[in-house]
Amino acid sequence: MIRRAKGVIFFSICAIATLIAVSLLFVIVGVIFSKGISAFSVTFLTEESKNFGQTGGIFFQILGTIILITSAGILSLPIALGTAVYQTEYLWPSFRRAASIVLYALNGVPTIIFGLFGYAVFGLLLNVGVSWVSGTFILAIMILPTLTVSIKEAIDSIPVKYRESGLSLGFSKWKLIRVIIIPHSFFGIVTGLLLGLARAAGETAAIMFTATVFSGVNVPRSFLEPITTLQTHILVLAQEALNPQARTNAWGAALALVMIVFFISIVSMFIRSRIRLEAER
Amino acid sequence: MMPLFSLNNVSLFYGKAPIVRDINITFAEKRVICIIGPSGSGKSTLLRTFNRMNDLTPSFECKGSVLFDGHDIYNNGTKVCQLRQHVGMVFQKPCIFPKSIYDNVLFGVRQLYRMKKIEHQQVVEETLKAVYLWDEVKDKLRSSALELSQGQQQRLTIARALAVKPRVILLDEPTSSLDHKSAGAIDALINNLKGEITVIMVTHKLDQARRIADDVVFMCDGMICEAGTSKHIFETPGKSETKCYIKGEEINVPIKGFVSSQVIRLKAEGY
Ligand SMILES: Nc1ncnc2c1ncn2[C@@H]1O[C@H](COP(=O)(O)OP(=O)(O)OP(=O)(O)O)[C@@H](O)[C@H]1O
Ligand SMILES: [Mg+2]
Chain H
186 MIRRAKGVIF FSICAIATLI AVSLLFVIVG VIFSKGISAF SVTFLTEESK NFGQTGGIFF
246 QILGTIILIT SAGILSLPIA LGTAVYQTEY LWPSFRRAAS IVLYALNGVP TIIFGLFGYA
306 VFGLLLNVGV SWVSGTFILA IMILPTLTVS IKEAIDSIPV KYRESGLSLG FSKWKLIRVI
366 IIPHSFFGIV TGLLLGLARA AGETAAIMFT ATVFSGVNVP RSFLEPITTL QTHILVLAQE
426 ALNPQARTNA WGAALALVMI VFFISIVSMF IRSRIRLEAE R
Chain V
395 MMPLFSLNNV SLFYGKAPIV RDINITFAEK RVICIIGPSG SGKSTLLRTF NRMNDLTPSF
455 ECKGSVLFDG HDIYNNGTKV CQLRQHVGMV FQKPCIFPKS IYDNVLFGVR QLYRMKKIEH
515 QQVVEETLKA VYLWDEVKDK LRSSALELSQ GQQQRLTIAR ALAVKPRVIL LDEPTSSLDH
575 KSAGAIDALI NNLKGEITVI MVTHKLDQAR RIADDVVFMC DGMICEAGTS KHIFETPGKS
635 ETKCYIKGEE INVPIKGFVS SQVIRLKAEG Y
């Protein structure tokens, strides 16, 4: 009787917790949607911002976000792939766990630390100032653990028989990696990349004083020029608390950002389910 | 004639524990050799030393010398990849890559040798015929190999190993996950390979060994109990353990480190 009561209580707690988490998401998305939709229009998405963002659109901010996360992804992917392959294929088995712990720890570092570190390296040491290249490097390092862990998990889930089969055919280690390991972790690589991109798209702190500026730029014409992103745009507009037009535009930009992140997440979820299908075969 | 494989005082270890002890045996080329014996007697462990697949287990160690064509394969100078190109292997369960039948056959060769398109086609046809799969799949070479039955998949797996043109093929219970009819097809293909390449096969099924083996090695408790021609082992076995095993009776194997009255009872399958 008591055990049953305990079960019911435990179930209720779990159910309530889930309900809170899910409804919170709905509330946040709902608020952003209802407040942002009034700013949304074709011109809002396709025009450049004017008058310090109080009028005009967010075209270059959207473009900037996409450019920045893409370049970070392109830089991060080969490093992550190399790290994951090195860890699973070459590193001494007893060190593999230690390497994983380091990666998870890196994943937990607050992003402002990356920003500070990036500022110290790029801003002070290399003196490249606020620039696209700084942002690219900082975000690439930031998403590196996410990406590496995801690729590593995909490699770990490759059936042993594929490995054995390749080796018994006389493949060298490198051939095994090229022909079996990388192709069979393809979906893991893509999912990891998308999750990393989604994370980078939401990042503000790390790039605030190293890569992005609020106004006066459209697209960077060189790696050394600053870039403008949705995140920074929202941050600055939200501080203009007294100007209703600025606030509406902030909500509009937030909605655009949320849509980008959601889109990336949904695509990665879709691909993740593909992996599972692949693994079950 | 020089033997293909020659093992001298070979002992195999996982960590400190000797799994296989004091093996002295030679295998002649182009024969079908069956390794039989109760479960846990070290058949797979022995088989996996012939192409150094045991290397995947970090704690594995081989003492003594294993000569392939007169070269010690556990020597430092051995190129393991080249050894494995000469000594192919197929495991218990079929291993099919999510690709077409055509690409599955070519999976290994294509990576190892530079070949023209036309040669690809020849290799596919030749090897699929050798494993008696050609007639069943010749109209759907480009469709996914995952659609094949288990038995067909296992023959395709063997075809992939054969396409590399190995001198030896190692088979570890290749029919134990298959039904009777599919197993028969595999037996037929091994018979077909007779005289072409060396086949070393581990099997639990005595009737299978009786049908296809030229030579039989009977392993028991990590040692070779008796070895000889198929005729010798099945008709005039010398040792009492062998007699019991091939009759399908239980044999008593003392476990080292236990009180001598404690024995494990082992029985051959297939009876
Ligand atoms: N990777 C390993 N690490 C440690 N011990 C192992 C390993 N593989 C096998 N063994 C041990 O070696 C012994 C022999 O195993 P092996 O697989 O060679 O037997 P087998 O004759 O092939 O048996 P079966 O007929 O059941 O396949 C077993 O006692 C097993 O526990
Ligand atoms: Mg075995």
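Those protein sequences? They're chains H and V, same order as listed. Per our numbering: the first sequence = residues 186 to 466. Per our numbering: the second sequence = residues 395 to 665. Cβ coordinates follow ideal geometry from the N, Cα and C atoms, glycine included. Bear in mind that the values here come from a model prediction, so they are computed numbers and not experimental data.
Across the set Val375/H, Ile392/H, Leu420/H, the C-alpha of Val375/H shows the shortest separation from the C-alpha of Met454/H. Where Ser459/V is concerned, the enclosing beta strand (DSSP E) starts and stops at 454-462.
Interface flag for Asn448/V against chain H is unset, since no Cβ pair is found closer than 8 angstroms.
Ile427/V is a Cβ neighbour of Asp609/V, given a cutoff of 8 angstroms. For Tyr289/H, the uninterrupted alpha helix (DSSP H) run begins and ends at 278-292, by DSSP. In terms of side-chain proximity, the C-beta atom of Lys437/V is found nearer than 7 angstroms to a non-hydrogen atom of ligand 1. Contact check between the stretch 290-310 of chain H and the stretch 213-227 of chain H: fewer than three CB pairs, one atom from each, fall below 8 angstroms, which does not count as touching. Comparing C-alpha distances from Cys475/V to each of Thr389/H, Leu204/H, Ser353/H, Met444/H shows the shortest one belongs to Ser353/H. When C-beta distances to chain V are compared with 7 angstroms, the residues of the stretch 354-371 of chain H below that value are Leu354, Gly355, Phe356, Ser357, Lys360, Val364, in chain order. Residues of chain V with a Cβ closer than 8 angstroms to the Cβ of Leu352/H are, in chain order, Met447, Leu450, Arg478. Sequence-distant partners of Pro330/H (beyond 5 residues in either direction) whose C-beta falls short of 6 angstroms from its own C-beta, in its chain, are Leu288, Leu291, Asn292. At the C-beta level, Phe394/H and Gly300/H come within 8 angstroms of one another. When the Cα atoms are used, Glu590/V and Pro278/H turn out to be separated by approximately 41 angstroms.
Here Ser435/V is buried, its C-beta having at least 16 other C-beta atoms within 10 Å. For Thr636/V, the shortest separation between its Cβ and any heavy atom of ligand 1 does not lie below 7 angstroms. Between Leu398/V and Thr592/V the beta-carbon gap is near 6 angstroms, inside 8 angstroms, which marks them as a contact. In this structure, Ala269/H sits away from Ile365/H, with a CB-CB distance that is not shorter than 8 angstroms.
The DSSP-derived three-state label of Lys637/V is helix. Among the residues of chain V, none has a CB under 7 angstroms from the CB of Tyr271/H; the nearest is roughly 17 angstroms distant. Burial is judged here by how many other beta carbons sit within 10 angstroms of a residue's own beta carbon; Thr413/H has at least 16 and is buried. Sorting Gln548/V, Ser459/V, Tyr496/V by C-alpha distance to the C-alpha of Asp533/V places Tyr496/V at the top.
Along the stretch 219-268 of chain H, the alpha helix (DSSP H) occurs as fully enclosed runs of 4 or more residues at 227-231, listed in sequence order. Under DSSP, the beta-bridge partners assigned to Asp566/V are Val596/V. Interface residue (Cβ-Cβ distance to chain V less than 8 angstroms): Tyr347/H is classified as such. Contact annotation: Val460/V and Leu535/V have beta-carbon atoms that are not nearer than 8 angstroms.
The stretch 551-571 of chain V makes contact with the stretch 519-530 of chain V, as at least three CB pairs between them are under 8 angstroms. For the pair of segments examined, the stretch 372-389 of chain H was found to touch the stretch 248-263 of chain H: the number of CB pairs separated by less than 8 angstroms reaches three. Sixteen is the threshold: when 16 or more other Cβ atoms of the shown chains lie within 10 Å of the Cβ of Ile594/V, as they do, the residue is buried.
Taken atom to atom, the span from the alpha-carbon of Ala621/V to that of Thr420/V is near 10 angstroms. Close CB contacts of Arg561/V within its chain, under the 8 angstroms cut and outside five residues either way in sequence, are with Leu398, Glu423, His480, Val481, Ile591, Thr592 (chain order).
Just measuring C-alpha positions, the residue of Val334/H, Leu380/H, Thr250/H, Val421/H sitting nearest Ala284/H is Val334/H. In this structure Val193/H is exposed. Its beta-carbon is surrounded by fewer than 16 other beta-carbon atoms within 10 angstroms. For Asp529/V, the uninterrupted alpha helix (DSSP H) segment begins and ends at 528-531.
Around the C-beta of Tyr507/V, fewer than 16 other C-beta atoms lie within 10 Å, and the residue is accordingly described as exposed. Closest in alpha carbon position to Ala305/H, among Glu338/H, Ile222/H, Ile392/H, is Ile392/H. In this structure, Gly434/V has its CB closer than 7 angstroms to one or more heavy atoms of ligand 1.
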